[in-house]
DNA sequence: TCTGGGGTCCTAGGACCC
DNA sequence: TCTGGGGTCCTAGGACCC
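In this note's numbering, the protein residues as written are -18 to 395.
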């Protein structure tokens, strides 16, 4: 197998920079300390993407803008434009398909491309990767890193080497020299919690991990131990998934609220606006759901959640919402709430949906109302129909979401 | 006005059944 | 009237990814 991993450098920031240059702006955001940052008034104030100059000041993705500014006082912060980023992402995805029909969209800014069967058509993979990289820059104006290897894990690790605008290889024979000296935290699927556990048994580099006894790792880290041991040794046999190969597992929508919620009525209103979007997206996906969950983050940043399995799957907004409210009431500890999330899972295709349950008539009536509302909202926008409860309430009727993501988000298993 | 949002997978523990 | 013990389902929480 020959796999490319294509990774857009500082994706949101690059796309924003290119857009601005194309619209007459003189300054290239990529050349100065800058970030794409959330709205601080709404308590969304974190770094979503950073330029390379900002990185040199120690600015990190995910950290509060306040903290980033302390490291870099003249940091520019630009609000995100998700629709633009989605368009750029789609354009890249389209272009990649010219090189192989086997392209897996891994996230908004990452794709895997299975080059195995393109090899005899287009020739040497490394040369092709270089021309692809150059072509993306010429046609789109943003840069990518491309990792080339014999499996997805190594291709992904390779694309993470020196940036930007580079092609790197990481074939099995190169693993010892190029990957083993790196800190173990650089390995895909090794996060902070795992780093702490590994440090306790004396593992600090990927090479250390690769040479550790598998039995010991399994004893300490269960199945995750085996996974990262295999990765450290460059082993991965997962295929490049195309199209809808991976089924949806659930649909969720959550939001940090601009103020702390301290009463049940307000909480229910926000939960309704979250549920509206979840149910719309569920219906659009053609699934019904049997598990409903509510998650709360309180003002101390403590998180907890509560879920239940319905007696029958549903895609009806009202049925989900009733359950959401019950779950919230059952688990809310009465402290100020910072963030709320609604999630449905245990999905079944719509066709399997029940017809002979109690109250089936009421259920199908609600279903047809929902579908009508969906159509109108699709045509005229989310605010064409607003529930009476939201009128003059100061709350948005449909809350959350980062643009219409009609692509699959990543899965943690390659 | 310090700390987002959307995913997936795994594990532990309790309930329940035979 | 000292105790079992698998198997499955369900829920909560944690870990990881971008």
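Idealized CB from N, CA, C, for every residue including glycine.
Separation of the CB atoms of residue 16 and residue 94 is rounded to 29 Å, and the pair is thereby denied contact status at 8 Å.
A distance below 8 Å separates the beta carbons of residue 288 and residue 274. The segment 158 to 174 makes contact with the segment 209 to 222, as at least three CB pairs between them are under 8 Å. Distance from residue 356 to residue 269 at the Cβ level is roughly 18 Å; contact not present, criterion being Cβ atoms closer than 8 Å.
Considering only 262, 131, 90, the residue with the shortest C-alpha distance to residue 72 is 90. Residue 54 sits exposed, since fewer than 16 C-beta atoms from the chains shown fall within 10 Å of its C-beta. For the set 322, 318, 297, 358, the Cα lying nearest the Cα of residue 342 is the one of 297. Using a Cβ-Cβ distance cut-off of 8 Å, the segment 28 to 43 and the segment -12 to 4 are in contact, since at least three pairs of beta carbons, one from each stretch, lie closer than that value. In the DSSP annotation of this structure, residue 306 is not part of any beta strand (DSSP E); the continuous alpha helix (DSSP H) holding it starts and ends at 298 to 312. Residue 200 is classed as exposed because its beta carbon has fewer than 16 other beta carbons within 10 Å across all chains shown. Counting along the chain, residue 57 sits inside the beta strand (DSSP E) bounded by residues 57 to 59. Each residue's CA atom was taken as its position, placing residue 220 and residue 286 some 34 Å apart. In the three-state DSSP reduction, residue 248 falls in the helix class (H, G or I). At a cut-off of 3 residues, the continuous stretches assigned as beta strand (DSSP E) that sit fully inside the segment 213 to 283 are 231 to 242, 268 to 279.
Counting the other CB atoms within 10 Å of its CB gives residue 369 a total below 16, which places it among the exposed residues. Beta-bridge partners assigned by DSSP to residue 329: 269.
Residue 127 and residue 350 have their alpha carbons spaced roughly 48 Å apart. Beta-bridge analysis with DSSP links residue 287 to 275. For residue 126, there is no enclosing alpha helix (DSSP H); the residue is found in the beta strand (DSSP E) stretching over 125 to 130.
Counting C-beta atoms within 10 angstroms of its own C-beta, residue 12 has fewer than 16 neighbours from the protein chains shown and is therefore classed as exposed.
Annotated as proximal: residue 184 and residue 165, with beta-carbon spacing under 8 Å.
With fewer than three CB-CB distances shorter than 8 Å, the segment 104 to 119 does not count as touching the segment 62 to 71. For residue 312 and residue 114, the gap between their C-alpha atoms comes out near 51 Å. Out of 131, 259, 123, 159, the CA that lies nearest to the CA of residue 2 is found in 123. Exposed is the label assigned to residue 47, since fewer than 16 other Cβ atoms lie within 10 Å of its Cβ.
If you compare the alpha carbons of 179, 230, 324 with that of residue 301, the shortest gap goes to 324. Bounds of the beta strand (DSSP E) holding residue 88 are 84 to 88. For residue -3, the enclosing alpha helix (DSSP H) stretches over residues -8 to 3.
Unbroken beta strand (DSSP E) stretches of 3 residues or longer found wholly inside the segment 129 to 194: 148 to 150, given in chain order.
Separation of residue 242 and residue 232 (C-alpha to C-alpha, rounded to the nearest whole angstrom) is 24 Å. By the neighbour-count criterion, in which 16 or more other beta carbons inside 10 Å mark a residue as buried, residue 282 falls on the exposed side. When Cβ pairs closer than 8 Å are counted between the two stretches, the segment 303 to 317 is seen to touch the segment 238 to 253, the count reaching three or more. Here the alpha carbons of residue 236 and residue 18 stand approximately 16 Å from one another. With 16 or more other Cβ atoms inside 10 Å of its own Cβ, residue 85 counts as buried. Boundaries of the beta strand (DSSP E) harbouring residue 15: 15 to 18, taken from the DSSP string. Counting the other CB atoms within 10 Å of its CB gives residue 80 a total of 16 or more, which places it among the buried residues.
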